[in-house]
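All remarks here apply to the structure that follows.
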Amino acid sequence: KYIEKDFHTFGFEPNDSARNAALKKVSKTKIVVDTSEIENNSLDAITLWHVFEHIDNQEDILNIFYNKLKTNGLLIIAVPNHTSDDAKRYKEFWAAYDVPRHVYHFSKSGMEKLMNNEKWQLKKIKPLLLDSFYISMLSEKYKKSTLFWLKGMIYGLISNIKALKNDEFSSLIYIIEKK
Numbered sequence: 001k002y003i004e005k006d007f008h009t010f011g012f013e014p015n016d017s018a019r020n021a022a023l024k025k026v027s028k029t030k031i032v033v034d035t036s037e038i039e040n041n042s043l044d045a046i047t048l049w050h051v052f053e054h055i056d057n058q059e060d061i062l063n064i065f066y067n068k069l070k071t072n073g074l075l076i077i078a079v080p081n082h083t084s085d086d087a088k089r090y091k092e093f094w095a096a097y098d099v100p101r102h103v104y105h106f107s108k109s110g111m112e113k114l115m116n117n118e119k120w121q122l123k124k125i126k127p128l129l130l131d132s133f134y135i136s137m138l139s140e141k142y143k144k145s146t147l148f149w150l151k152g153m154i155y156g157l158i159s160n161i162k163a164l165k166n167d168e169f170s171s172l173i174y175i176i177e178k179k
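Note that our numbering gives residue 108 to position 108 of the sequence shown, counting from 1, and the numbers run on in steps of one.
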């Protein structure tokens with residue numbers, strides 16, 4: 001709600017039930033059904049928090065985002081990292097694979113290649129530190145572990161500690177600038 005107070009915000013959600021649920025939470029935010037309702041070169045930033053891995057036509061949507069952002073506008077994408085320690089530990093039980101809803105799975109190097117080109121410049125990568133705990137707890141639950149929450153907390157912490165050395169956190173935020 002504080003974002004609505006300090007920023008002019010709106011959302012894009014093509015799914016009716018998801019859009020209606022979002023409208024209940026952000027009453028002052030306009031949520032559009034189609035990106036054609038958004039003026040070109042009008043946005044300072046676009047954020048996708050655990051959304052990009054669900055998008056089938058990523059090249060098309062990146063082109064749309066490019067057109068909607070102002071020059072030097074920011075595209076901020078948070079996605080799970082399938083090369084993290086918790087992904088390696090849990091293998092097929094890693095909750096962030098989330099097949100079939102996640103149509104793509106990203107590594108840090110893969111996102112770096114995708115987002116450094118003639119249109120985009122990757123400016124910064126930041127970890128989502130709490131994701132390792134949540135993903136590890138869910139993964140333990142998928143394994144039907146007893147004390148899944150405790151094991152998830154322990155392995156989430158171990159994943160973050162290892163990531164302090166190799167930078168392969170469970171989820172990463174990519175801050176990308178439109179050229």
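All C-beta atoms, glycine included, are put in the ideal place defined by N, C-alpha and C.
Three-way DSSP call (helix, strand, coil) for residue i in this model
| i | result |
| --- | --- |
| Thr29 | coil |
| Glu177 | strand |
| Ser139 | helix |
| Asn20 | helix |
| Lys171 | For clarity, residue 171 is Ser in the given sequence; the question names Lys instead. Of the three classes helix, strand and coil, the one that applies to Ser171 here is strand, per DSSP. |
CA-to-CA distance, residue j to residue i, given in whole angstroms
| i | j | result |
| --- | --- | --- |
| Asp131 | Ser84 | 11 angstroms |
| Lys179 | Leu157 | 37 angstroms |
| Ile161 | Val26 | 36 angstroms |
| Tyr174 | Glu112 | 9 angstroms |
| Glu37 | Asn15 | 15 angstroms |
Where the alpha helix (DSSP H) containing residue i begins and where it ends
| i | result |
| --- | --- |
| Ile38 | Where Ile38 is concerned, there is no enclosing alpha helix (DSSP H), given that its DSSP letter is neither H nor E. |
| Asn67 | Gln58 to Lys68 |
| Phe148 | Phe148 to Asn166 |
| Leu114 | Lys108 to Met115 |
| Lys88 | Asp85 to Tyr90 |
Proximal residues to residue i (C-beta, below 6 angstroms), its chain only, five neighbours per side dropped
| i | result |
| --- | --- |
| Ile55 | Ile61 |
| Trp120 | Ile176 |
| Leu147 | none |
| Leu48 | Ile77 |
| Val79 | Phe52, Glu53 and Phe106 |
Residues near residue i in its chain [Cβ-Cβ closer than 7 angstroms; skip 5 each side]
| i | result |
| --- | --- |
| Glu140 | Phe148, Lys151 and Gly152 |
| Arg89 | Tyr155 |
Element boundaries [beta strand (DSSP E), containing residue i]
| i | result |
| --- | --- |
| Lys126 | Trp120 to Pro127 |
| Phe12 | Phe10 to Phe12 |
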